[in-house]
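According to my numbering, the sequence shown is numbered sequentially starting from 2.
Single-structure report; data block below.
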Amino acid sequence: MHLNPYGADAVNLAADLANRRPSSPGELADRCRAAGLAVPGPVTPEDLDRAQRALTAWEKVVDAADEPERAALLNGMLEEIAAFPRLTDHAGDGWHLHYRDEGRPFGDQLCSLIAVGTALHLAGRGMHRLRRCAVSECATVFADTSRTGRQRYCSPRCANRDAVRRHRARHTG
């Protein structure tokens, strides 16, 4: 996965992994590959543990009460894992930036990708563009990549469910 200026790929991967946590190193590797991430070598139980800790920290960013808290939590993730940007062509598919030291375990690489991608997404699109679904019984996390920045629901299904609920409330009582 090449980190783009908007961070959409990385932040969408983070949301996918947070919403349905991987239960094994193999599942983590498969889901990262399916998202377009180059996974070097085998993924270990330690990588899975590191990814789980990164996702827990990332969900705190999602659930932050306000923008300054969100920024502080994300800055903490960045401070812990990110390094100065480096140009790389490690996969032979074109030069791109990495924001991590070379030779780090895959779990650390994933944490860096999530933190930097989220920072780029929020800085480029708006600090409000990371949230949970507006349907009260749905806790799904999503990154708002819509043109207008007004996405409230994780899926059309939840949007429809809420519209039906509002319609019924207006027509009863």
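For each residue, glycine too, the CB sits at the ideal point set by N, CA and C.
Among His97, Arg21, Glu80, whose alpha-carbon lies nearest the alpha-carbon of Arg87? His97
If contacts are defined as beta-carbon pairs under 8 Å, then Arg1 and Thr146 qualify, I think. What distance do you get, rounded to the angstrom? Because the chain spans 2 through 174 in this model, residue 1 falls outside it and cannot be assessed.
Hey, could you find the ends of the beta strand (DSSP E) Val142 is sitting in? 142-144
Considering only the beta carbon of each residue, do Arg51 and Asp94 sit closer than 9 Å? no
The beta strand (DSSP E) spanning Thr89 covers which residue range? 87-89
For the beta strand (DSSP E) holding Arg133, just list the boundary residues, first then last. 131-133
Starting from His97, follow the beta strand (DSSP E) in both directions and report where the run begins and ends. 97-99
Gly37 and Phe107: beta carbons closer than 9 Å? no
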